[in-house]
Ligand code: PEP
Ligand code: MG
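Residue numbers (full-length UniProt numbering): 250 to 574.
As structure tokens, then:
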């Protein structure tokens, strides 16, 4: 079965009735990029940079980061890589960076909040990413955005960085696209305002589900309540897509939901064509796309968006997936 799937690596991801999808990889390292490319990823939809900061004793320098970002940019070639700025806090820690003891780490000092507080560290990373933009199609993305102020503050720092590079005579792409993760309910509710500030959205369903449902994604005791197909989650996703569409910016999905091949009808109905997932999921989702008739899938999805419970949606998506073969 695995071998059969591997033959799909070079096949285009397209439904039976001709709807093309762009399947890209979530990676944390160059090794994972190789795997994603082996499995036919058309690019990288999420480069989780925190892993560059882990398993060491000090923050990585600008030069160390630049070398990795540049290598990834070069390896994706004519395709694109979305580099996400540091997303520590919550469940991710660094040995050399003392985070405060918190009652609710996922509601605490995390991701962009740390970056905007520790400007020295943030600036180093921004500089390394912007420098890498001279070597390939690099896009930059900020995690855990919950307000327009945060986006504006991050963009202001980015402008500073660009100005400094300009003065140093170092090349970079002036038009590097800048986007944000949509993974906090507040961001969904103001998606129209945020869309005026950025070039693209990437929906992070892992955190979005956790925050919409108030279900800790790490808590085993309530794991049975973690429902990606909850009507509240589906409405949030739809709102995000509508805001992006009205503003004319791109929107993709990079959470685990994208890797669940049963969810394909939802993306087809919403008109989302870019899905980013772990390398291991790429061929499975492509196989599903190749066996799906988009017009049938959309009908199923329309019903799902009207459902009152997640179990109905899961059942209908599961049944459709099985029927499609
Ligand atoms: C997400 O929250 O869906 C996401 C892709 O980011 P992470 O899993 O790294 O928090
Ligand atoms: Mg997240």
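Each residue gets a CB set at the ideal place from its N, CA and C atoms; glycine is no exception.
Using 7 Å as the cut-off, classify the Cβ of residue 453 as near or not near the heavy atoms of ligand 1, replying yes or no. yes
Between residue 504 and the rest of its own chain, which residues show a CB-CB distance below 6 Å, the 5 nearest in sequence each way excluded? 453, 454 and 455
Going by CA-CA distance only, name the one from 386, 563, 544 and 462 that's closest to residue 434. 462
For residue 353, the three-state DSSP class (helix, strand or coil): coil
Residue 298 versus residue 475 - alpha carbon distance: 26 Å
Regarding residue 295 and ligand 1, is the C-beta to nearest heavy atom distance less than 7 Å? yes
DSSP puts residue 499 in a beta bridge; with which residues? 449
Regarding residue 274 and ligand 1, is the C-beta to nearest heavy atom distance less than 7 Å? no
Is DSSP giving residue 378 helix, strand or coil here? In this structure, residue 378 counts as helix in the three-state DSSP scheme.
Where does residue 408 land, buried or exposed, given buried means 16+ other C-beta within 10 angstroms? So residue 408 counts as exposed.
Report yes if the C-beta distance between residue 289 and residue 273 is below 8 Å; otherwise report no. Cβ distance not < 8 Å, so residue 289 and residue 273 don't count as in contact.
Hey, quick one: how far does the beta strand (DSSP E) through residue 329 stretch, first residue to last? 329-333
Between the Cα of residue 314 and those of 509, 572, 438 and 375, spot the shortest distance and give me the residue it belongs to. Minimum Cα-Cα distance from residue 314 among the listed residues 509, 572, 438 and 375 corresponds to 375.
Spatial distance of residue 501 from residue 312 (CA atoms): 30 Å
Near residue 460, which residues of its chain fall below 6 Å by C-beta distance, leaving aside the five closest residues on each side in sequence? 433 and 434
Alpha helix (DSSP H) containing residue 299: first to last residue? 299-302
Can you tell which of 410, 487, 279 and 513 has its C-alpha closest to the C-alpha of residue 269? 513
Please name the residue, chosen from 527, 542 and 530, that lies closest to residue 517 on a Cα-to-Cα basis. 542
For residue 552 and residue 458, what's the separation of their Cα atoms in angstroms? 21 Å
Assigned secondary structure, residue 538 (DSSP; H/G/I helix, E/B strand, else coil): helix
Hey, how far is the Cα of residue 558 from the Cα of residue 564? 10 Å
Excluding the five sequence neighbours on either side, which residues of its own chain have a C-beta within less than 7 Å of the C-beta of residue 383, listed in chain order? 420, 421 and 422
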